[in-house]
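J.: Just passing along the structure, written as structure tokens.
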């Protein structure tokens, strides 16, 4: 095979991270899962031919059906058309048939997997200097595992395992090569990378060997021996074996300090050319440190990103690299460039100590702008108003007056609103700021950022398109924390530029030495370069130590360079610190424990110094370039602080944090500042510590940062191991974990339930626990627990009970009923006597909704159903207590009953916007979208369901509603005629489906897709399990019967199809659904032996009086075909009406079909089609247009519709195209 870089017609195939085919940058449709597996299997064969039998055996996992041969031929034919759509008789095919079987004939560079293997092979056969770039290219290709889509298939698992092993070996070869080359032998910088590799696969001995070797070369002999002992322990515990010869020999060599462990000396860096004696570097040998040495490429990328932001395209830059490589300096340069363009620049720097602070980084960014009350009021309004909770001093400890999200006992309440609301509001704060002037957000040390701030930055990075905003961040490599996937998400976004500054060259090092010490000798420069590995920070620290020693930059002092440089940053800093006055050492340690930005008074108290002595010590530390100059006190670089901090023994550090908490508390620090130290202090069972931690948790919860609140509360549990305070703390942490970790929440709420002493306390806890189990627990467990706890509640002698307990009893009953339905256990409630709710509390209203839902889905007393829903929604009782389950079901049920609830949905969406409740907004978008789909308003349904899916994918990717939305969107796509999009959505819905309704709708969508693609047998097989859910009889909820009838008819069983449709018709009439009645009549006409016209006329009559416009268009089109022979004029009128309805609905496939018929047989109707000026705007388009006409700007429209500004721009362009206008003024005039 050649290496031309692409296959026929520019074809490129990607295997890593998912199978994708592109031609000239355009993604190709590869079909469904089975068809994709055929292509993947051929790719794994690497050009070798596979027999049809072998292909079928692998594609069907060893069990091919009898029809596999014909199906395989169909898949191969479709793939050939997709890969070679315009192949001529003389052109080369990608997919070929050989005498043996089928094969892919592509150049190696056309497939990333093949290119990866070739690069690794070439690297193996190349000299070390040439091998490293090849390995880096190969590993860059392997950005994600291969063939994950077929995990579990024998052939895919074998190939994935082989490629994974190849990647592991390549990573080890790369780091081993860097250890050996003088340009990259900075062993201390390689240690974090090696630690990460060991953590990924701790049973690979080669990684332990490289780690120990890097530690030894970094002058850390004891650490190298500890690493080897760790390796021995891991291998014994996991495999029951001792280390192999390589590790044993290395351990002996380390103990002997064998000089062969050090890399071979390499030639010094010379400024002269290849001929002539070496001489001192000239003026051009390297720029001074202040000129950002050798960073032109990175600065150029920063300029490009800033240009994109200034043009409202939005941009993100992530600078990553080891400590000291110059990331912070590049961030400073980004701010300098932005200020030169008159952009607003907001900066923040995360720290390890403040990683638990609720929105700590966000507050650093924005709080300076909110000091002025007038400016604060202007920024925190509209959709940004809920962000006030993140910054508001009213959430400080001890000041909770007027908060609506707390329980009477002070516990944070209604947590579902705060977390999503704060993040949503912060986005709108950024939108508002960027509307005043371009905005640049600069965040350093992202690896230490608090979780809530990281989640916000990740979300913002995905929504910058259309905003004049630049996000610039820096992250230290080798520091893998729990939030590493969030940082990886930012890095992987297509709009993110990832910059990786390289170590300084020898010429640049010479420039830095010249600036500090004067003209250097080449041997001195080479020693500096070798000992620091070109790391700018380490270089500066080494030069500062040499300068303090009075060393000159000549060849006589090269040994001194090597001696100091081998200590790395920590050793150099501690060496310099030890040479200062004793008070300096104590103050540096105090600030290292307290954290940066400390007032002098607190630091002095912590160090045990009086304030004047501390001030003098601070000046000395600043002169030694350990502290920054000025106040508050801070280190010059996080790495310097870390060196001092790690220089304190671990046990002493823990006690120092305890002392720091006491000092800060005595100096009036906030609860969060004190709690940050208590997290690192040993638990001692102190009630005051527990109280401070719980106070900090309340602040974090109030700011919408549940992760931070949970961290504080879990630590507080260690201080209160026994009653009476433990139960309350457990309940607090469980309620907050509902937002972040369902499994953890269930565990803590279970313990709280077990410890509850009073009946009301137990009932409240049980309700919380069951709510969590409904969404995140094992199937059916919520039902069992709710029923058991309900039965255990005490009742008075006369059968009456306490009003509060009665309401909790009804809440548990409601949860048991709705959970049994959602988890697919209808039999657990079907047939029960349906109770009448008593009282007026939230539990009674939950029960009213549960009973109403059962009445609806079983076609019971529909008048009672509507009455219960309306009563449940009266006032704010249910909405205040329910995070978005029961009240949404109530509104949806009323809509399914044919009642007008548009105003209710509008009110709910406005309330969600005011509260910043994305969960509530998602509920409105989901069920309103489904209702619009049922009505045939496909564009509006697509807008609503698409907005739900977009928000859900960002905020709650595992929420139960995601499966519903994708299944409904698939149905919309099928009705519009967008088969590739429907296929993608069906696969996504079925991957995330749980038991119950989500899985049911996913199956219905898959069956509808199978019918659309001409696979009725597969559709019937999919639908068979759905027939065994007899309690749900109302057709308006489930649509499997019409799908089953269509499949039966397509397979030649019209009698069975008619029987299914007659059952559907009877149920639809009983349930009062005009849409389902009309659909059943139309489909029955298609399979009926006679009487088709009467059935279709009844369908048209029923649907004309309904809101189901797409179903009416289908009925009219079907009736036109039946009456055309006898009454052509009536047929033409019916088709014209159906055509207009199809256009209004957005049903493109039906519209194309009818347009062809009209143009082919009716000149008058064809003229009517051409004369029709425009289609009707859907509701979202109409609302956006009217808001614009009223003077609302794009940002205001986006906030009102829960869309991004760029989405609004696209929406308004579509509106103008529809109305055939050019500008905003004409648009206002064109609105009816």
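Numbering (our numbering), first residue to last: 5 to 1236. In this text, a Cβ means the ideal position worked out from N, Cα and C, and glycines have one as well. Just so you know, these numbers come straight off a predicted model, no measurement behind them.
1) So what does DSSP say about residue 150, is it helix, strand or coil?
2) Could you tell me whether the Cβ atoms of residue 196 and residue 331 are closer together than 8 angstroms?
3) Please confirm whether residue 658 and residue 474 have their CB atoms less than 8 angstroms apart.
4) Using CA coordinates, which residue listed in 1029, 490, 607, 811 is at the minimum distance from residue 1006?
5) By DSSP's criteria, residue 324 is part of a beta bridge. Which residues make up the other side?
6) Considering Cα atoms alone, identify which of 177, 97, 117 is closest to residue 130.
7) Does the distance from the CB of residue 756 to the CB of residue 774 come in under 8 angstroms?
8) Have a look at 53, 147, 70, 98 and flag the residue whose alpha-carbon is nearest the alpha-carbon of residue 21.
9) What is the DSSP secondary structure of residue 220, reduced to helix, strand or coil?
10) Around the C-beta of residue 132, are 16 or more other C-beta atoms found within 10 angstroms, so that it is buried, or is it exposed?
11) Just verifying my parser: in three-state terms, what is the DSSP assignment at residue 106?
12) Look up residue 1233 in the DSSP assignment and say whether it is helix, strand or coil.
13) From which residue to which residue does the beta strand (DSSP E) around residue 448 run?
14) Have a look at 213, 66, 434, 807 and flag the residue whose alpha-carbon is nearest the alpha-carbon of residue 1203.
15) For the 8 angstroms Cβ check, are there 3 or more pairs between the region 682 to 695 and the region 636 to 645?
16) Under a Cβ-count criterion, where at least 16 other Cβ atoms within 10 Å of its own Cβ denotes burial, should residue 1239 be classed as buried or exposed?
17) DSSP state of residue 1174, grouped into three classes?
18) Relative to the ligand NAP, is the shortest distance from any of its heavy atoms to the C-beta of residue 669 smaller than 7 angstroms?
19) Rounded to the nearest angstrom, how far is the Cβ of residue 80 from that of residue 88, given a contact under 8 angstroms?
20) Do residue 362 and residue 19 have their C-beta atoms closer together than 8 angstroms?
21) Would you tell me roughly how many angstroms separate the C-alpha atoms of residue 604 and residue 592, rounded to the nearest one?
22) On the DSSP bridge list, what partners appear for residue 1031?
23) Determine the contact status of residue 37 and residue 736, defining contact as a CB-CB distance below 8 angstroms.
24) Is residue 962 helix, strand or coil by DSSP?
25) Would you list the one or two residues that DSSP bridges to residue 101?
26) For residue 768, which of helix, strand or coil comes out of DSSP?
27) Classify residue 907: buried if its beta carbon has 16 or more other beta carbons within 10 angstroms, exposed otherwise.
28) Could you pull the DSSP bridge partners for residue 18 from this structure?
29) Please state whether DSSP places residue 637 in a helix, a strand or coil.
30) Mind checking who residue 31 pairs with in its DSSP beta bridge?
31) Taking just the CA atoms, how far does residue 307 sit from residue 116?
32) Using a Cβ distance threshold of 8 angstroms, determine whether the region 888 to 899 contacts the region 864 to 876, with at least three qualifying pairs required.
33) Where residue 222 and residue 563 are concerned, what is the direct C-alpha to C-alpha distance, given to the nearest angstrom?
34) Could you check whether residue 1078 and residue 1124 sit closer than 8 angstroms to each other, using their CB atoms as the reference points?
35) Using 10 angstroms around the beta-carbon of residue 381, count the other beta-carbons present and answer buried if the total reaches 16, otherwise exposed.
36) Give the list of continuous alpha helix (DSSP H) stretches no shorter than 4 residues that lie fully inside the region 877 to 906.
T.: Per the coordinate set shown:
1) As a working mapping, residue 150 is identified with position 146 in the chain shown. In the three-state DSSP reduction, residue 150 falls in the strand class (E or B).
2) Working through the chain shown from its first residue, we reach residue 196 at position 192. Working through the chain shown from its first residue, we reach residue 331 at position 327. Cβ distance not < 8 angstroms, so residue 196 and residue 331 don't count as in contact.
3) Numbered from its first residue, the chain shown carries residue 658 at position 654. Numbered from its first residue, the chain shown carries residue 474 at position 470. No, these two residues do not count as a Cβ contact at 8 angstroms.
4) The residue you call residue 1006 lines up with position 1002 of the chain shown. Comparing Cα-Cα distances from residue 1006 to each of 1029, 490, 607, 811, the minimum goes to 1029.
5) The residue labelled residue 324 in the question sits at position 320 within the chain shown. Under the DSSP definition of a beta bridge, residue 324 partners with 479.
6) As a first step, residue 130 must be located in the chain shown, where it is residue number 126. Nearest of 177, 97, 117 to residue 130, Cα basis: 177.
7) For the purposes of this step, residue 756 is taken as the residue at position 752 of the chain shown. For the purposes of this step, residue 774 is taken as the residue at position 770 of the chain shown. With contacts defined by Cβ atoms closer than 8 angstroms, residue 756 and residue 774 do not form a contacting pair.
8) Translated into the one-based positions of the chain shown, residue 21 becomes position 17. With distances taken between Cα atoms, residue 21 lies closest to 147.
9) Here residue 220 is taken as the residue at index 216 of the chain shown, counted from 1. When DSSP states are grouped into helix, strand and coil, residue 220 belongs to the helix group.
10) For the purposes of this step, residue 132 is taken as residue 128 along the chain shown, with counting starting at 1. Burial call: exposed.
11) As a working note, residue 106 is residue 102 in the chain shown. Residue 106: strand per DSSP, three-state reduction.
12) Your numbering for residue 1233 matches position 1229 in the chain shown. Helix, per DSSP.
13) Against the chain shown, residue 448 aligns to sequence position 444. Per DSSP, residue 448 belongs to the beta strand (DSSP E) from 443 to 448.
14) Working through the chain shown from its first residue, we reach residue 1203 at position 1199. For the residues 213, 66, 434, 807, the minimum Cα distance to residue 1203 belongs to 434.
15) In the pairwise beta carbon analysis, the region 682 to 695 is classified as not touching the region 636 to 645: fewer than three pairs are separated by under 8 angstroms.
16) The structure shown does not extend to residue 1239, since the chain spans only 5 to 1236, so no value can be given for it.
17) Within the chain shown, the letter at position 1170 stands for residue 1174. Low local confidence applies: a pLDDT of 42 at residue 1174 is under 50, so the model's placement there is unreliable, and no value is given.
18) Absence of the ligand NAP from the depicted structure is noted, as is the absence of any ligand whatsoever, leaving it without description.
19) Reading the chain shown from its first residue, position 76 is the one you call residue 80. Reading the chain shown from its first residue, position 84 is the one you call residue 88. About 12 angstroms separates the beta carbon of residue 80 from that of residue 88, a gap too long to meet the 8 angstroms contact definition.
20) Translated into the one-based positions of the chain shown, residue 362 becomes position 358. Translated into the one-based positions of the chain shown, residue 19 becomes position 15. Contact check for residue 362 against residue 19 fails: the beta carbons are separated by 8 angstroms or more.
21) To locate residue 604, count along the chain shown from 1; it is residue 600. To locate residue 592, count along the chain shown from 1; it is residue 588. Counting only the Cα atoms, residue 592 lies some 12 angstroms from residue 604.
22) As a working mapping, residue 1031 is identified with position 1027 in the chain shown. According to DSSP, which records beta bridges pairwise, residue 1031 is partnered with nothing at all.
23) As a position in the chain shown, residue 37 is number 33, starting the count at 1. As a position in the chain shown, residue 736 is number 732, starting the count at 1. In this structure, residue 37 sits away from residue 736, with a CB-CB distance that is not shorter than 8 angstroms.
24) Counting from one through the chain shown, the residue named residue 962 turns up at place 958. Confidence at residue 962 is low in this model, with a pLDDT of 49, below 50, so the placement of that residue is unreliable and no value is reported for it.
25) Here residue 101 is taken as the residue at index 97 of the chain shown, counted from 1. Looking at the DSSP assignment, residue 101 forms a beta bridge with 106.
26) Against the chain shown, residue 768 aligns to sequence position 764. In the three-state reduction of the DSSP assignment, residue 768 falls in the helix class, which pools H, G and I.
27) Here residue 907 is taken as the residue at index 903 of the chain shown, counted from 1. Around the beta-carbon of residue 907, fewer than 16 other beta-carbon atoms lie within 10 Å, marking it exposed.
28) Along the chain shown, read from residue 1 onward, the residue named residue 18 stands at position 14. Partner(s): 24.
29) The residue given as residue 637 occupies position 633 in the chain shown. Note: residue 637 maps to strand in three-state DSSP.
30) In the chain shown, counting from the first residue as 1, residue 31 sits at position 27. Paired residue(s): 26.
31) Mapped onto the chain shown, residue 116 falls at position 112. Mapped onto the chain shown, residue 307 falls at position 303. A direct Cα-to-Cα measurement between residue 116 and residue 307 gives close to 31 angstroms.
32) Yes, they touch.
33) Looking up residue 222 in the chain shown gives position 218. Looking up residue 563 in the chain shown gives position 559. Near 16 angstroms, if we compare the C-alpha coordinates of residue 563 and residue 222.
34) Taking the first residue of the chain shown as 1, we reach residue 1124 at position 1120. Taking the first residue of the chain shown as 1, we reach residue 1078 at position 1074. At a Cβ-Cβ threshold of 8 angstroms, residue 1124 and residue 1078 do not count as neighbours.
35) Here the question's residue 381 lines up with position 377 in the chain shown. Taking all protein chains in view, the Cβ of residue 381 is surrounded by fewer than 16 other Cβ atoms within 10 Å, so the residue is classified as exposed.
36) Fully enclosed alpha helix (DSSP H) runs of 4 or longer: 881 to 885, 890 to 900.
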